[in-house]
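J.: Structure below; questions to follow.
Protein chains: 2
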Amino acid sequence: MFKFISEDEDTKARCGHLVLRHGTLETPAFLPVATKASVKMTTSRELEEMNAQGVIANAFVLFLRPGVDTIETAGGIHRFMNWDRVVFTDSGGFQMLNPDFLVKVTDDHVTFKSPYDGKKHDITPEICAEIQNRLGSDVALALDDCPPYGSDIEHMTASTKRTIQWARCFRKATEDESQNSFGIVQGGTFKDLREQCTRELVDMDFNGYAIGGLCIGEPKELMHEVIGWSTPLLPTEKPRYLMGVGSPEDMLKAISMGVDIFDSVFPTRNARHNTVYTHTGKINLGKGKFRCESGPIDESCRCYTCANHSLSYVNHLLREYEYLGMRLATLHNLHFLITLMEEARTAIMEGEFNDLKNDFLRDYLGSK
Amino acid sequence: MFKFISEDEDTKARCGHLVLRHGTLETPAFLPVATKASVKMTTSRELEEMNAQGVIANAFVLFLRPGVDTIETAGGIHRFMNWDRVVFTDSGGFQMLNPDFLVKVTDDHVTFKSPYDGKKHDITPEICAEIQNRLGSDVALALDDCPPYGSDIEHMTASTKRTIQWARCFRKATEDESQNSFGIVQGGTFKDLREQCTRELVDMDFNGYAIGGLCIGEPKELMHEVIGWSTPLLPTEKPRYLMGVGSPEDMLKAISMGVDIFDSVFPTRNARHNTVYTHTGKINLGKGKFRCESGPIDESCRCYTCANHSLSYVNHLLREYEYLGMRLATLHNLHFLITLMEEARTAIMEGEFNDLKNDFLRDYLGSK
């Protein structure tokens, strides 16, 4: 159930409470990615301490390893991970972009191969729903057909038709409401297809709507345009989830367009490559100029890393390829995005979201 | 200052308090290894939570990167690492075993090359003392000449003579007592040389004595024999530190011979290769048989990993090469050894060390 709490006057930014089996997601919210039931380098205690409200795991990847049986034996994905807050599970549609996984797509299923043993698996929307139901996540994402950016209009038309058809089957298989069920809007960068897909999915009365197939290589301006094709057609009283988007600037812009939920591997992946967020922009922590910097990564940050360690120390660890350096950078980046969402919620409720957004973007992008 | 607290009646096991600038090391004690000012994968908070009393860093490695200046600017090794408990620093003598470092040894210094840039550095005992003094560790280890296992009697005789000569120079350079200074007994597996080296070092009145050059390839029985050549010659009122030894069975045996302090990369390195300690022996956590095991790694363990995660989950993470799996295994292994030392201290004080040792070894080795 999504409780609409507040709307910003100047923008379309919204605050809400998405009430789920394992707790409430206060939106706007950022979900750290736990593809294999683990947020890279990070314990569930650390996620709790940074006020992460939920994570997103990948149902198809977990179906391959360790297998649904193993997770069901543990009592579901939450107990398996020792995480008692919200878990979303992605369907596996996104893996179609990965040639290590994709074999072929037909009108009624996708055939994946396991990158572990080469074994083929036909995944229908119904099987996809069953996997997620057995994993016991709070929110199941519909099986979608996600073609690469740049696919032509014929390909995208057929693909969008499949996404709609699969969503219908998936919705039927998840109607018992034991778990929230979200549809995923596709349609590439074609306005007609995006609008058609959005309308059809809305008719299916999902518990929420994801916008998929973005942040996969298209220009940023186009991405924001595409988001704007869907949001006006989505029902106000349902949550909107922009999948795979997680840079601070993109999230703030999308929030101002009415998006509620985000996920991205950026904060964890960037951290492992020395890049961290600060209020004055991204920095490469491995640079020599930080060698003797006694201050924290970001003066205003209250994460474990900034509270306990100097730039100089993290710089040393990263330059020496010490795992602890990647851990400390990961903690900082996740905390930074989660805190930014907290600040966005407060600002929306106080009618000051536009100021927050403009001030943040001025400092964050201005330094480049 | 070493306060002698208690001695076991049946064995030579001892309890003591080594009072240092940054706190007291209650012995027997195990020091996790922080070669580059970081215990692999582990934060200082986690080390505190598992009751680690101290760590050992490597002075020569830190001299190369990030450099003594950087650490001095931070206010010393403790502030650099954000670790306010005990820090030992090893001298670099051990790096002579590594052809990436060693260029040559002369009677008055060792020439190392930096594996980073190939630059050569002549390290005398005095320079070695100065580096450790500037790093600000609680205990500085003398520069020793550590030849490979199997070196012949001529080589070892010359090398031991150098170790003694360097120890004398090092002791002179560290006489101000601002920092504890430990000599390192060498002499390979030659009884005469070990005894001679021990006696000469004892004459120099170090604050403590390390036994070096062991656990470098010699058979286990020989290692215990070599320890027994030194311990009777070492003064009762000074701490004894067996360097590089860290398997549970070796530590318990060495404690019964009167050793007080240990360090080893085994617990962290083993963890990264899926091997963890349990009271019924070492296990390979990556094995398929643990796939659905809902219990912890060790039922009696109170570490973060065992308190929060199942064997099944850690097994999954390790099989998937998720960093979190290595982290959780590392936490468990370090906690296991530190707790074993706590149990040894209690048992010694209660006059039950021999029972603890025999019971532990029966369960631990019996399962193999």
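Protein chains in written order, with my numbering: chain A, 217 to 584; chain B, 217 to 584. All C-beta atoms in this analysis are idealised placements derived from N, C-alpha and C, irrespective of residue type, glycine included.
Under 9 Å Cβ-Cβ, which residues of chain B neighbour ASP265/A?
T.: Note that residue 265/A corresponds to Glu in the displayed sequence, not to Asp. Neighbours of GLU265/A on chain B: none; closest Cβ ~11 Å, over 9 Å.
J.: Find out if the Cβ-Cβ distance for the pair ARG456/A, CYS231/A is shorter than 7 Å.
T.: Their beta carbons are not under 7 Å apart, which means ARG456/A does not touch CYS231/A by this criterion.
J.: Quick one: give me the first and last residue of the alpha helix (DSSP H) that GLY399/B is part of.
T.: No alpha helix (DSSP H) holds GLY399/B; the beta strand (DSSP E) holding it covers 396-401.
J.: How many Å lie between LYS584/A and ARG507/A at the Cα?
T.: Note that LYS584/A scores 46 on pLDDT, short of 50, meaning its location in the model is unreliable; the coordinates nonetheless yield the value given after this. About 21 Å.
J.: Considering Cα atoms alone, identify which of CYS431/A, LEU501/A, SER446/A is closest to MET467/A.
T.: The residue with the shortest Cα to Cα distance from MET467/A is CYS431/A.
J.: Helix, strand or coil for ASN349/B, going by three-state DSSP, please let me know.
T.: Here ASN349/B sits in helix by DSSP.
J.: According to a CB-to-CB cut-off of less than 7 Å, which residues of the stretch 276-293 of chain A neighbour chain B?
T.: Answer in chain order: ARG281, PRO282, THR286, THR289, ALA290.
J.: Helix, strand or coil: how does DSSP classify ASP479/A here?
T.: Three-state DSSP puts ASP479/A in a strand.
J.: Three or more beta-carbon pairs under 8 Å between the stretch 509-524 of chain B and the stretch 536-554 of chain B, yes or no?
T.: Cβ pair count under 8 Å is three or more, so yes.
J.: For the beta strand (DSSP E) that ILE513/A lies in, which residues bound it at each end?
T.: Where ILE513/A is concerned, there is no enclosing beta strand (DSSP E), given that its DSSP letter is neither H nor E.
J.: Could you check what DSSP says for HIS337/B in three-state terms: helix, strand or coil?
T.: Note: HIS337/B maps to strand in three-state DSSP.
J.: Report the partner residues of THR243/B according to the DSSP bridge assignment.
T.: In DSSP, THR243/B forms a bridge with GLY232/B.
J.: Within 7 Å of any Cβ in chain A, is that where the Cβ of LEU533/B sits?
T.: Interface residue, yes.
J.: Between GLU465/B and chain A, is there a C-beta pair that is closer than 7 Å?
T.: GLU465/B does not count as touching chain A.
J.: Are there any heavy atoms of the ligand ZN lying less than 6 Å away from the beta-carbon of PHE576/A, as far as the coordinates show?
T.: The model on display carries no ligand, and the ligand ZN is accordingly not part of it.
J.: Which residues share a DSSP beta bridge with GLU356/B?
T.: Reading the sequence as shown, one finds Ala at residue 356/B and not Glu. For ALA356/B, which the question treats as bridged, DSSP gives the partners THR305/B, SER397/B.
J.: If you measure between the beta carbons of GLY502/A and ASN490/A, is that distance less than 7 Å?
T.: Cβ atoms of GLY502/A and ASN490/A: closer than 7 Å.
J.: Would you give the residue range spanned by the alpha helix (DSSP H) that GLU288/A belongs to?
T.: From DSSP, the alpha helix (DSSP H) with GLU288/A extends over 284-290.
J.: Measure the CB-CB distance between GLU437/B and ILE380/B and report whether it falls below 7 Å.
T.: In this structure, ILE380/B does not lie closer than 7 Å to GLU437/B by Cβ.
J.: Roughly how many whole angstroms lie between the Cα atoms of ARG261/A and ASP354/B?
T.: About 32 Å.
J.: With distances taken from CA atoms, which of HIS337/B, ARG350/B, SER375/B, ALA383/B is nearest LEU357/B?
T.: For the residues HIS337/B, ARG350/B, SER375/B, ALA383/B, the minimum Cα distance to LEU357/B belongs to ALA383/B.
J.: Mind checking whether ILE427/A and SER446/A have CB atoms under 7 Å apart?
T.: Yes, Cβ-Cβ distance for ILE427/A and SER446/A is below 7 Å.
J.: Can you give the Cα-Cα distance for ASP368/B and THR376/B, rounded to whole angstroms?
T.: Whole-angstrom Cα-Cα distance: 12 Å.
J.: Indicate whether at least one CB of chain A lies closer than 7 Å to the CB of ASN500/B.
T.: With 7 Å as the cut-off, ASN500/B does not count as an interface residue toward chain A.
J.: CA-CA distance, ALA345/B and PHE304/B?
T.: If I take the Cα positions, the gap works out to 13 Å.
J.: Give the range of the beta strand (DSSP E) segment to which GLU370/B is assigned.
T.: Here GLU370/B belongs to no beta strand (DSSP E); instead the alpha helix (DSSP H) covers 369-389.
J.: Which stretch, first to last residue, makes up the alpha helix (DSSP H) that contains ASN524/B?
T.: Looking at the DSSP string, the run of the alpha helix (DSSP H) that includes ASN524/B is 520-524.
J.: Please work out which residues of its chain come closer than 7 Å, Cβ to Cβ, to THR494/A, disregarding the five sequence neighbours upstream and downstream, and give them in chain order.
T.: Cβ neighbours of THR494/A beyond the five flanking positions: ILE513, ASP514.
J.: Would you call the stretch 287-298 of chain A in contact with the stretch 527-534 of chain B, where contact means no fewer than 3 C-beta pairs closer than 8 Å?
T.: Touching, yes, given that three or more Cβ pairs across the two stretches are closer than 8 Å.
J.: For ASN258/A, which residues in chain B fall below 8 Å Cβ to Cβ?
T.: According to the sequence as given, residue 258/A is Thr; it is not Asn. In chain order: LEU540.
J.: Exposed or buried, what is PRO435/B when buried is set at 16 or more other beta-carbons lying within 10 Å of its beta-carbon?
T.: Burial call: exposed.
J.: Entirely within the stretch 418-478 of chain A and at least 3 residues each: give me those beta strand (DSSP E) ranges in chain order.
T.: You should have 424-427, 456-458.
J.: When the cut-off is 7 Å and only beta carbons count, does HIS548/B lie next to chain A?
T.: No, no contact with chain A.
J.: Are the C-beta atoms of GLU391/B and some chain A residue less than 7 Å apart?
T.: It does not; no Cβ of chain A falls within 7 Å.
J.: Helix or strand or just coil, what does DSSP make of LEU259/A?
T.: This sequence places Thr at residue 259/A; Leu is not what is there. It is coil, neither helix nor strand.
J.: Under the three-state reduction of DSSP, which class applies to SER528/B: helix, strand or coil?
T.: Helix.
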